[in-house]
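Trainee: Handing you a structure now.
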């Protein structure tokens, strides 16, 4: 099992050292503005049997080679909805990996991760398509879009089940407010 190193003191020291201005220029120049890194969140595995990582937020996609034992501390980036596990549709993206874990088995240490965002995109639905709870046709249908519908998303794509050879899925929201996933095979990027 791999262990994730996490030393906040070391990270803080590096950030402080990088932001410090020394010498005569320090008093003459305005304070430097540094761009803050994207926030990360921490969670602890609470499943008695451990927790598998998956390649997308669905129980219908493959697991990665890494699993976490009960009590393991995970660094998390953000959250999206996916396949419901024990009634919980929330999934967390594992920091530094293209991998996801079910929030059902993670206790947040501090604040819960914020929703994943990756920009603004608009798609047109090429053929009528179902919206699924997770990025797989085996996931529960939560809605549908008719051909010609324009769909916007701010959520990241995930590499779920292959549909006609394409594994990319986009997280969307239906007009009724249900969040789910659509295979990009049925979409055309318009903006």
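In my numbering, the protein residues as written are 747 to 937. Ideal Cβ positions, reconstructed from N, Cα and C, are used throughout, including at glycine. Note that the structure is a prediction, hence the values are computed from the model and not measured.
(1) So does the segment 791-799 actually touch the segment 883-891, counting three or more Cβ pairs closer than 8 Å?
(2) Short check: CB of residue 851 to CB of residue 797, under 8 Å?
(3) Does DSSP put residue 910 in a helix, a strand or coil?
(4) Using 8 Å as the threshold, is the C-beta distance between residue 890 and residue 877 below it?
(5) For residue 825, collect the residues of the same chain with a Cβ closer than 8 Å to its Cβ; drop the 5 residues on either side in sequence, then sort them by chain order.
(6) Does DSSP put residue 924 in a helix, in a strand, or in coil?
(7) Determine the direct distance from the alpha carbon of residue 926 to that of residue 778, and round the result to whole angstroms.
(8) Going by the beta-carbon positions, is the gap between residue 933 and residue 871 smaller than 8 Å?
Mentor: By the coordinates alone:
(1) no
(2) yes
(3) coil
(4) yes
(5) 836, 837, 838, 839, 849, 858, 859, 860, 861 and 862
(6) coil
(7) Bear in mind that the predicted position of residue 778 carries a pLDDT of just 36, short of 50, making it too unreliable to give a figure here.
(8) yes
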